[in-house]
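What follows is a set of notes on a single structure, which appears directly below.
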Amino acid sequence: MTQHTPQIRSAQHIERRYRSSFGRAAGYLPKNRAALDAWLEQFSRDVHEKRSRNAIVRRRSVDDLQRLIERDGVIRMYVSRMIEDAHALNADAKHTVRDIPDLLDHLDCVVTSTPRYYPKGDPDRNFFPLSSLFCYMMMTEPGYAVFRDKDFNRALLGILREWCAHLDSPDSRDVLNKEEHGWLSVAAKDEFKLDQFQIDWLAPHGGFASYNAFFHRGLKKDQRPIADKHDPRVVVSANDGRVVRIRRNIQRSDEFWAKGQKYSLRDMLDGSDLTDSFIGGDVFQSFLSGADYHRWHAPVTGIVRSARVVEALMFTELEGVWEPSSGTESQVYGASVNTRGLVFIEAPEPLGMVCVMPLGMTEISSVTLTVRPGDHVTKGDQLGYFSYGGSSMCLLFQKGAIEEFTVPDNTGDMESGHPIQVNSQVARAFAPKVKG
Numbered sequence: 000m001t002q003h004t005p006q007i008r009s010a011q012h013i014e015r016r017y018r019s020s021f022g023r024a025a026g027y028l029p030k031n032r033a034a035l036d037a038w039l040e041q042f043s044r045d046v047h048e049k050r051s052r053n054a055i056v057r058r059r060s061v062d063d064l065q066r067l068i069e070r071d072g073v074i075r076m077y078v079s080r081m082i083e084d085a086h087a088l089n090a091d092a093k094h095t096v097r098d099i100p101d102l103l104d105h106l107d108c109v110v111t112s113t114p115r116y117y118p119k120g121d122p123d124r125n126f127f128p129l130s131s132l133f134c135y136m137m138m139t140e141p142g143y144a145v146f147r148d149k150d151f152n153r154a155l156l157g158i159l160r161e162w163c164a165h166l167d168s169p170d171s172r173d174v175l176n177k178e179e180h181g182w183l184s185v186a187a188k189d190e191f192k193l194d195q196f197q198i199d200w201l202a203p204h205g206g207f208a209s210y211n212a213f214f215h216r217g218l219k220k221d222q223r224p225i226a227d228k229h230d231p232r233v234v235v236s237a238n239d240g241r242v243v244r245i246r247r248n249i250q251r252s253d254e255f256w257a258k259g260q261k262y263s264l265r266d267m268l269d270g271s272d273l274t275d276s277f278i279g280g281d282v283f284q285s286f287l288s289g290a291d292y293h294r295w296h297a298p299v300t301g302i303v304r305s306a307r308v309v310e311a312l313m314f315t316e317l318e319g320v321w322e323p324s325s326g327t328e329s330q331v332y333g334a335s336v337n338t339r340g341l342v343f344i345e346a347p348e349p350l351g352m353v354c355v356m357p358l359g360m361t362e363i364s365s366v367t368l369t370v371r372p373g374d375h376v377t378k379g380d381q382l383g384y385f386s387y388g389g390s391s392m393c394l395l396f397q398k399g400a401i402e403e404f405t406v407p408d409n410t411g412d413m414e415s416g417h418p419i420q421v422n423s424q425v426a427r428a429f430a431p432k433v434k435g
């Protein structure tokens, strides 16, 4: 029997890989890797302490993952080697995931957890426990493989759905308070500009029924005015965030897994019958941070012709790229492989068909649509929302529809992307052709 030997990486290599990860670039992971390591140590210590008291309750979704790992030898091999390789990358950790049963116990503890607020500068600041738990695992060759495995991903999706159900429940409201680590604290109010949102400051928990209700909270009516609402040539942003990439002349099929920010329509649109109508067109991609407004709106006026969610991958990144821009490139890659919504809106010419494509990235990866085929939407109307987790957004346009994008492209890392707000102008369409 051949013994697996973890690949040894230098401290510089690991640091470079962490600094270029999507999670760190998006602000979902601590800027300082030492803070991540400290969080992992404490979380593992808590898990091991609960296990010593027999206080860990096996969740149904985690039980499903356990049965898959026991049944599928290839997945069991990948997961075992992934844990071993991740431990080698973080060899100084005294408390960490040791083996498959230990990983399952860690997942059980995540499923019933609710993120607490930590002010900027707090060394314990970490809002995304699964991204943290999987961080080193996702840096390994077995990790790249298993997080792309459909059966493993489906089981992981079940865990995320059970966690989402907890965050949708009243049990998750305890963190919605005005104490130091509460999401309604003075520090959180200032950082997340909570004065812009619909919050009942006199009611318990801000009037929210759950943590997720707070996460995708609504805006006050005077916030985010719609740019040139009655001008059909003005295209507005579907979301708050920062520009990731603007690409023109998109191909039907391309190497989305290669370095260079390539979009592949066939993969992005999940084989839709409308795919060919976007050949040669444009893609405008942006990403949302945890502080952004997490509902998304119609960028144009028109009729919803199709609306569905594609359940796909969540924890996967573009491998072999460790430049500062790799977090950006992973989002371009994610546009072809991640869980995503596909909302096709038929607008008047010259825009024609426009696709709004919200992407779930890491954590819950929950995309909820609030429109149906046949609905008439006016520019600025709500189309859906993200539950807790990472998220990105693509707008796709047909060839000859967009005359110019009115915000700058991003040529660097994610943090240098131009900031945008929902309902603000991002593009201008060509003037309709005069008939006759």
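Everything in the sequence shown is counted per numbering that gives the first Met the number 0, starting at 0 for the first residue and increasing by one.
C-beta atoms are modelled at their ideal positions from N, C-alpha and C, and glycine is treated no differently.
According to the neighbour-count rule (16 or more other Cβ atoms, all chains shown, within 10 Å of its Cβ), is residue i buried or exposed?
| i | result |
| --- | --- |
| residue 224 | exposed |
| residue 239 | buried |
| residue 125 | buried |
| residue 192 | exposed |
| residue 364 | buried |
| residue 334 | buried |
| residue 128 | buried |
| residue 201 | exposed |
| residue 29 | buried |
| residue 329 | buried |
| residue 84 | buried |
| residue 105 | buried |
| residue 14 | exposed |
| residue 272 | exposed |
| residue 89 | buried |
Report yes if the C-beta distance between residue i and residue j is below 8 angstroms; otherwise report no.
| i | j | result |
| --- | --- | --- |
| residue 174 | residue 116 | yes |
| residue 417 | residue 241 | yes |
| residue 268 | residue 305 | no |
| residue 283 | residue 404 | yes |
| residue 387 | residue 143 | no |
| residue 17 | residue 130 | no |
| residue 352 | residue 285 | no |
| residue 366 | residue 385 | yes |
| residue 338 | residue 309 | yes |
| residue 34 | residue 122 | yes |
| residue 390 | residue 356 | no |
| residue 57 | residue 107 | yes |
| residue 312 | residue 152 | yes |
| residue 87 | residue 190 | no |
Counting only the same chain and skipping the five closest in sequence on each side, list residues whose C-beta sits under 6 angstroms from that of residue i.
| i | result |
| --- | --- |
| residue 227 | 233 |
| residue 297 | 376, 378, 380 and 382 |
| residue 294 | 215, 381 and 384 |
| residue 113 | 171, 174 and 210 |
| residue 370 | 303, 306 and 382 |
| residue 0 | Because the pLDDT at residue 0 is just 42, under 50, the model does not fix this residue reliably, and the value given afterwards should be weighed accordingly. Hits under 6 angstroms: none found. |
| residue 231 | 347 |
| residue 317 | 328, 329 and 332 |
| residue 414 | none |
| residue 254 | 261 |
| residue 146 | 314 and 315 |
| residue 443 | The structure shown does not extend to residue 443, since the chain spans only 0 to 435, so no value can be given for it. |
Using a Cβ-Cβ cut-off of 8 angstroms (strictly less than) and excluding sequence neighbours within five positions of residue i, which residues of its own chain qualify?
| i | result |
| --- | --- |
| residue 349 | 399, 400, 428, 429, 430, 431 and 432 |
| residue 252 | 263, 264, 265 and 266 |
| residue 206 | 198 and 199 |
| residue 176 | 182, 183, 184 and 204 |
| residue 37 | 122 and 123 |
| residue 52 | none |
Residues in the same chain with beta-carbon distance under 7 angstroms from residue i, minus the five sequence neighbours each way, listed in chain order, please.
| i | result |
| --- | --- |
| residue 425 | 234, 235, 236, 283, 404, 405, 406 and 419 |
| residue 276 | 352 and 397 |
| residue 422 | 223, 224, 225, 226, 235, 236, 296 and 379 |
| residue 98 | 82 |
| residue 68 | 74, 75, 78 and 99 |
| residue 71 | 150 |
| residue 111 | 165 |
Assess contact between the region 147 to 162 and the region 177 to 190, defined as three or more Cβ pairs (one per stretch) separated by less than 8 angstroms. Is contact present?
no
Ignoring anything shorter than 4 residues or poking outside the region 109 to 151, list the alpha helix (DSSP H) runs there in chain order.
128 to 133 and 140 to 145
Just checking, does the region 214 to 222 make contact with the region 190 to 204 on the three C-beta pairs under 8 angstroms criterion?
yes
Using 8 angstroms as the cut-off, can you tell me whether the region 147 to 157 makes contact with the region 86 to 95, which would need three or more C-beta pairs spanning the two stretches below that distance?
no
As an exercise, report each continuous alpha helix (DSSP H) stretch of at least 4 residues that is fully enclosed by the region 38 to 102, in chain order.
59 to 70 and 72 to 88
Would you mind listing the alpha helix (DSSP H) stretches within the region 355 to 432 that are 4+ residues and don't spill past its ends, in chain order?
none
Go through the region 173 to 214 residue by residue and report every complete run of the alpha helix (DSSP H) that reaches 4 residues or more, in order.
185 to 190 and 210 to 214
At what residue ranges does the region 228 to 262 contain a whole run of the beta strand (DSSP E), taking only runs of 3 or more?
233 to 235 and 240 to 247
Kindly provide the ranges of any alpha helix (DSSP H) runs that are 4 or more residues long and lie completely inside the region 293 to 347, ordered along the chain.
325 to 336
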